[in-house]
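Chains B and L are the protein sequences, given in the same order. If you want my numbering, it's the position in the first sequence, counting the first as 1, plus 269. If you want my numbering, it's the position in the second sequence, counting the first as 1, plus 269. Every residue, glycine too, gets a C-beta built ideally from N, C-alpha and C. Note sheet for the following structure.
Protein chains: 2
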Amino acid sequence: MELSERKKKILAAVVDEYIATAEPVGSKHIAEKSGLEVSSATIRNELAELTTMGYLQQPHTSAGRVPTAQGYRIYVNELMQLQKLSEEETQEINRTLDDRLRQLDRLVSDVGKLAAEMTNYPALAMTAKAPSTVKRFDLIYVDSNTFIIVAMLSDNAVKNKLVHLPFSVEQSMVQKLSTVFNASFTGITEEQISPLLISSAERSMGDTMGLTAVIAAFAIEILSEEKAAQATLSGGAKLLQLPEFRDPDKAHKVMNYLSDAEHLYNLPGMDFGDDLKVLIGPENIAEELKDSSVILAKYNAGDGMQGIIGVVGPTRMDYSTVAAKLSYIADGLSKVLSGSGGDKALPGFGKLMIKDTNE
Amino acid sequence: MELSERKKKILAAVVDEYIATAEPVGSKHIAEKSGLEVSSATIRNELAELTTMGYLQQPHTSAGRVPTAQGYRIYVNELMQLQKLSEEETQEINRTLDDRLRQLDRLVSDVGKLAAEMTNYPALAMTAKAPSTVKRFDLIYVDSNTFIIVAMLSDNAVKNKLVHLPFSVEQSMVQKLSTVFNASFTGITEEQISPLLISSAERSMGDTMGLTAVIAAFAIEILSEEKAAQATLSGGAKLLQLPEFRDPDKAHKVMNYLSDAEHLYNLPGMDFGDDLKVLIGPENIAEELKDSSVILAKYNAGDGMQGIIGVVGPTRMDYSTVAAKLSYIADGLSKVLSGSGGDKALPGFGKLMIKDTNE
DNA sequence: ATTAGCACTCGTAGGGTAAGAGTGCCAGCA
DNA sequence: TGCTGGCACTCTTACCCTACGAGTGCTAAT
């Protein structure tokens, strides 16, 4: 059923007002503030219809109206207009992204913090990591019983590890190790590193001291680490400021659920096509979030990898502003990480394209 | 003033009971449960004295007694006996530490999570990092416009960065860079890397493409990162389960305070000599924590560095159990990180001593 | 020194009432 | 036919009052 123009305006007014105040909104308020030149009685009739249509509901007979999930959905899909960010807001985001450039490894979780700060809701940030392989090994000989393993992965991340030995090794041996590993251990996934492979490598270079095993263990470690996704929650405390989470039990339920990285990761599935996704109340799969809404934005992490930042709040969330801020941050993050877009030049590095690979 | 044996027993009983129930405890309860063979009236007299001595207080005239900060202090110093951990508990801790060995870089914050899980209070974990210098640089030539910078720091941490260039460099140039950096940029702190030094290095090798600046920027980045401490909070949601934080405003105040790494770091100062420190209520410097207690345990992170794990809870905290658990965890962590103690062998690595340096 | 008894205090829970906000509906008007 | 003012009704919230009970402090007796 199509909504009349006036119904739309009224619905939007209810949602806007409820978002701002968290109180059920009455006909009088709307009559005064919505710009419609009609009386509260007329509004009441419209409200009654919107209620039977399922877009609004009443907590009890003599209370004002509150949007239903369906009502929010219409609002998000048709009625809301993406808020323009103020000059200061875009500047704050830009500044944070720029600052954080220096330490890209913490970028993602820091951006989570930024999102939490900007929106005043708890925010989540995650990266999706694909299974990868080692592209090349380098061994740096430090002294007679110390060397550094450096491995460059298929996604161009670089990992290293310092190894102290309780015995001496010759530089030539280190070089030999390097050669063998580059021959046998590159281009294979974690699962393919078998004990068999290790022992055959051991034999081929006459390693009796377990060096091969050490390096292989390192390879397994970093490959499994790359596979695992990283998800963080920032600003959980912000939940407690919201009237709908004054009940500590509710707040605890939600916050506890979100503290588990596993849950964060299962929130959306990465399977949405749009850059922005809004999950309203019962649209969430998790029981714990049936009374909350989630807004997610995808960003491009370079090398074809994607990540998600998002915000969790009550269904009465300020969808338009939050969505605008998230998109802007996600956008900036994409530019920083993938180097595309380039209108925000990387400060201090001139024309060079830098990728920090310290994880 | 010295406390009589009976007063001590009564004080301990009050604290124990209050810790367990969070309710003011009355004379009758103690008469029945404390094993003292006296009537409640006698207890009442003793309670009255303990109250005037400042170890107990009454929320109001006709309520039971609640320990004061001073009372807790006596309890912690003299009365409580360190809880023995159960077999399962020590096993859980050991297992977690063992599991985490594979990914030492996340160890510290994971141990925070462990502490939160084991104690059911929010836990914090931090490392103290000393200002350091670069010990050696290595540049790995990958292809004509890509190389990897590897830097080993004075504390033996190893950092790396992948650099993509928009132009070609010859392998000989990379080698030259490596030599110059090892000569001029090792052994100096972040502050000592001046524009002057950079430009003189640039001239000495005829670098017109800004390569020197890139590597110098990297050096500055990792040195400043090393200096900055890392502090995380885990399990903040657990606060909400405690009766003293049913008031969302209180919970918010504390949680918000703890969300800031800066604050965590200023909690104790690292300046305590003992391995275990208990800060009770008003003993905390921060206004926000005047109603809470903090238990901190130091661990040894190897190479002379120390870290802290801790737990935050209400003054009515289960000091004995929490202290026992924290000490045990800190101990295990020291062994894992510094390799000393050695009774828990590092699984899978035989006799080799491994240090993961990916931060 | 300990105890039993008792009057007293004070917070909390329960119930009853008044106020206020908002509705639904009806009758009148354009 | 659609809009509006008016009015009775509903329901929640805040407030006050009271009764109850837990726990105390004191006194007199052992």
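query: Using beta carbons (cut-off 8 Å, strictly below), is B/Asn535 in contact with chain L?; result: no
query: Tell me which residue opens and which closes the alpha helix (DSSP H) that L/Ala281 is part of.; result: Glu274 to Thr290
query: On the CB-based measure, 16 or more other CB atoms within 10 Å of its CB, does B/His521 come out buried or exposed?; result: buried
query: Buried or exposed: which applies to L/Leu465, given that a residue is buried once 16 or more other Cβ atoms fall within 10 Å of its Cβ?; result: exposed
query: Can you tell me whether B/Asp407 is helix, strand or coil according to DSSP?; result: strand
query: Are the stretch 383-390 of chain L and the stretch 578-587 of chain L touching, with three or more C-beta to C-beta distances below 8 Å?; result: yes
query: So, is L/Leu351 buried or exposed, given that buried needs 16 or more other C-beta atoms within 10 angstroms?; result: exposed
query: Between L/Asn429 and chain B, is the shortest Cβ-Cβ distance under 8 Å, so that the two count as touching?; result: yes
query: If we define contact as Cβ-Cβ less than 8 Å, is B/Met421 a contact residue for chain L?; result: yes
query: May I ask you to report which of helix, strand or coil DSSP gives B/Glu315?; result: helix
query: Tell me whether B/Gln461 sits in a helix, a strand or coil according to DSSP, three-state version.; result: helix
query: Tell me which residues of the stretch 401-418 of chain L have at least one Cβ-Cβ distance to chain B shorter than 8 Å, keeping chain order.; result: Arg405, Asp407, Ile409, Val411 and Ile417
query: List, in order along the chain, the chain L residues whose C-beta lies closer than 7 Å to that of B/Asn425?; result: Leu431
query: Check the Cβ-Cβ distances between L/His521 and every residue of chain B, and say whether any is below 8 Å.; result: yes
query: Would you say B/Ala506 lies against chain L (beta-carbon separation less than 8 Å)?; result: yes
query: Using 8 Å as the threshold, is the C-beta distance between B/Tyr588 and B/Val547 below it?; result: yes
query: Within the 8 Å Cβ cut-off, does B/Ser245 reach chain L?; result: Outside the shown range of chain B (270 to 628) lies residue 245 of chain B, about which nothing can therefore be said.
query: Excluding five sequence neighbours on each side, which residues of the same chain lie with their C-beta closer than 6 Å to the C-beta of B/Asp529?; result: none
query: Since L/Phe450 is in the beta strand (DSSP E), which residue starts that stretch and which ends it?; result: First-last for L/Phe450: Gln440 to Ser453, but that is the alpha helix (DSSP H), not the beta strand (DSSP E).
query: If you follow the beta strand (DSSP E) that L/Thr415 is in, where does it begin and where does it stop?; result: Thr415 to Leu422
query: Quick check on L/Ser528 - is its C-beta less than 8 Å from some C-beta in chain B?; result: yes
query: Where does B/Glu556 land, buried or exposed, given buried means 16+ other C-beta within 10 angstroms?; result: exposed
query: Using DSSP with H/G/I as helix, E/B as strand and the rest coil, what is L/Asp412?; result: strand
query: Return the CA-CA distance between B/Ala651 and B/Lys277, expressed in angstroms with no decimal places.; result: Beyond the ends of chain B as shown, which are 270 and 628, falls residue 651 of chain B; an answer cannot be given.
query: In three-state terms, what does DSSP make of B/Val345?; result: helix
query: Report the rounded CA-to-CA distance for B/Phe618 versus L/Asp424, giving the unit in angstroms.; result: Interpretation of B/Phe618 is limited by its pLDDT of 31, a score under 50 that renders its predicted location unreliable; the figure taken from the coordinates is listed afterwards. Roughly 27 Å between the two C-alpha positions.
query: Please go through the same chain and pick out, in chain order, the residues whose beta-carbon is closer than 8 Å to the beta-carbon of L/Ser503, but skip the five residues on each side of it.; result: Ser378, Gly381, Lys382, Ala384, Ala385, Pro391, Ala392, Leu393 and Ala394
query: Against chain B, with Cβ distances strictly below 8 Å, would L/Pro517 count as a contact?; result: yes
query: Below 8 Å, can you find three or more Cβ-Cβ pairs linking the stretch 281-294 of chain L to the stretch 322-338 of chain L?; result: yes
query: Please say whether B/Gly579 and B/Ala338 have beta carbons closer to each other than 8 Å?; result: no
query: Is the distance from the Cβ of L/Ala570 to the Cβ of L/Thr402 below 8 Å?; result: no
query: Run through the DSSP bridge pairs and tell me what B/Ser503 is partnered with.; result: B/Ala392
query: Is L/Gly475 helix, strand or coil when you go by DSSP?; result: coil
query: On the CB-based measure, 16 or more other CB atoms within 10 Å of its CB, does L/Glu460 come out buried or exposed?; result: exposed
query: Quick one: what's B/Asn569 bridged to in DSSP?; result: B/Gln575
query: Out of B/Ala452, B/Ala281 and B/Gln360, point me to the one whose CA is closest to B/Arg405's CA.; result: B/Ala452
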